[in-house]
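Remarks on the structure that follows.
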Amino acid sequence: MTSGIAIIGGNLRSLSSAHSILDNYPDAELHIMEEAAEIGLIGEGPGILPHWPITPAHWLSELGSQEPNPSSGAIRRSWLEKAMATSLANRGCTFHLRTRVVAVNDAGGVTFVGAGLLGSGELHFDTVLDMRDSTHTSTEWEGGICLQGHAPPFGVQGSRPDGTIEVWWRDYNPDQGKWVHRMSWGGSDPESSVETDINAGIETASTLIDTIIQP
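16 is the number of the first residue of the sequence shown in our numbering; add one for each residue after it.
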């Protein structure tokens, strides 16, 4: 079977894909290459949940106070990504952080610049999955975190385990003084973003297994 698999990008889709690959091939040699210094560090995307749990339990490390209960409607997305990344590291996945991929050739060569012992150079893999987020999005959303008593009568909303409310909207001008934290995000639908990205990662892994890894 294929052993050297590089996944470019440390987003929810790539983390889901990596776990799915390891579920089928626990000994697979997986590498995730990410420009940020930490998974889940840059920005805060939608964390609206259709249900919980939304992944197999072994995909997650401890979430502590941020772990949803069955009635929760949202999770802090960055914490979800960090918990999935920590579990991947425990399963043997290698992370190359602060690493920017500048080129990928047809032979599986990945040219990069970044931090760490290697600094810059080229690594070779049997399979390379480029799962970086698109920089071009057609729909821009505004988001915010507020206390329950300050939740507005509009937008896509979900309650987090810490008692705050996550809200996403378009075409509104809400009172700036009621928000604990403000966010922005580009994408089609914040209500389904978490589930859609996890399922997309699973689908990518399934396609890889069916077309490349399987004999």
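Beta carbons are placed, not taken as given, at the ideal position from N, Cα and C, and that holds for glycine.
- From what residue to what residue does the beta strand (DSSP E) around GLU218 run? Unbroken run through GLU218 is the alpha helix (DSSP H), 208–223; no beta strand (DSSP E).
- Query: So the alpha helix (DSSP H) TRP94 belongs to, where does it begin and stop?
  - Reply: 92–105
- Query: Can you give the beta carbon distance from GLY55 to GLU96, rounded, assuming they're within the 8 Å contact cut?
  - Reply: 4 Å
- Task: Can you grab the Cα-Cα spacing for the pair MET16 / THR211, in whole Å?
- Result: Residue placement at MET16 is flagged as unreliable, the pLDDT there being 36, under the threshold of 50; a coordinate-derived value is accordingly withheld.
- Is SER69 helix, strand or coil by DSSP? At residue 69 the sequence reads Ile, which differs from the Ser that was named. It is coil, neither helix nor strand.
- How far does the alpha helix (DSSP H) with HIS34 in it reach, from first residue to last? 27–39
- Nearest to GLY136 by alpha carbon, out of THR114, ASP121, SER149? THR114
- Item | Under 9 Å between C-beta atoms of LEU223 and THR142 | yes
- Anyone know if the C-beta pair for SER76 and THR101 falls short of 9 Å? yes
- According to DSSP, is THR226 helix, strand or coil? helix
- Residue from VAL125, ASN26, MET99 whose Cα sits closest to the Cα of PRO68: MET99
- Message: Please return the same chain residues whose Cβ sits closer than 8 Å to the Cβ of SER199, not counting the five positions on each side in sequence.
- Response: GLU155, TRP156, GLU157, GLY158
- Item | Alpha-carbon spacing of VAL116 relative to SER32, whole angstroms | 19 Å
- Query: Who are the Cβ neighbours of PRO71 in its own chain at under 8 Å, not counting the five residues just before and after it?
  - Reply: HIS34, ASP38
- Message: When you compare the CB positions of LEU112 and GLY25, do they come within less than 9 Å of one another, or not?
- Response: yes
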